[in-house]
Amino acid sequence: MQKERNKSVPAVYIILKKGEEILLGRRKNTGYYDGWYGVPAGHVDAKELPSIAGVREAKEEVGIDINPTDVKFAHALYRTAHDETGDRSDYFFIVEKWDGEPKIMEPEKCDDLQWFLITLNYETPRRYFSKIWR
Numbered sequence: 001m002q003k004e005r006n007k008s009v010p011a012v013y014i015i016l017k018k019g020e021e022i023l024l025g026r027r028k029n030t031g032y033y034d035g036w037y038g039v040p041a042g043h044v045d046a047k048e049l050p051s052i053a054g055v056r057e058a059k060e061e062v063g064i065d066i067n068p069t070d071v072k073f074a075h076a077l078y079r080t081a082h083d084e085t086g087d088r089s090d091y092f093f094i095v096e097k098w099d100g101e102p103k104i105m106e107p108e109k110c111d112d113l114q115w116f117l118i119t120l121n122y123e124t125p126r127r128y129f130s131k132i133w134r
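Residue numbers are given in UniProt numbering: position 87 of the sequence shown equals residue 87, and the series is strictly consecutive.
And the structure:
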C-alpha cells in the first residue's frame, strides 16, 4: 500500500506592530472573509521562503518595504481539510520596522486600513492572534 503524502498550501500573515497597535485591513471582493479585518497575508509562491513571501505580500498589499532580517517568526498553525484544495500551513510573523507609510495598494480587495490596539476585543483578529499574544 502506497502512503499518500500530505499536500499543504502555505500561507503567510505579517503582523505590522507599532507600539501597542497592529495594522488591519478590511477585506472586500475576495470571497474569503469579506468585511472582516486582517493583516497583510497571502500564499507562499513556489521556491519562496515564508518570511520572504511575507515581505512580498506587505509590499503588494500595503506598499511598504521590509528588510527580511526584521521579520520575526511568531507562530505556525496547521489547518486540516481547509477546503477542497486541501490543508493549510499558516506562518505568522511580527514586523516592527519598515520603510514607507502603509496604504491600501489593492483597493479592489481592501476598503479600509487602520491601526488597532492589541486588545483582542475585536472579533476578527481574535481567531488568529489569541495564541500569538499569550
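Idealized CB from N, CA, C, for every residue including glycine.
| Item | Value |
| --- | --- |
| Across which residues does DSSP place TYR13 in a beta bridge pair? | ALA41, PHE92 |
| Any chance the segment 45 to 59 sits against the segment 27 to 36, with 3 or more Cβ pairs inside 8 Å? | no |
| Applying the criterion that 16 or more other CB atoms from any shown protein chain within 10 Å of the CB defines a buried residue, is ASP90 buried or exposed? | buried |
| Using a Cβ-Cβ cut-off of 8 Å (strictly less than) and excluding sequence neighbours within five positions of THR119, which residues of its own chain qualify? | none |
| Have a look at LEU113 and THR80 and give me their C-alpha separation to the nearest angstrom. | 30 Å |
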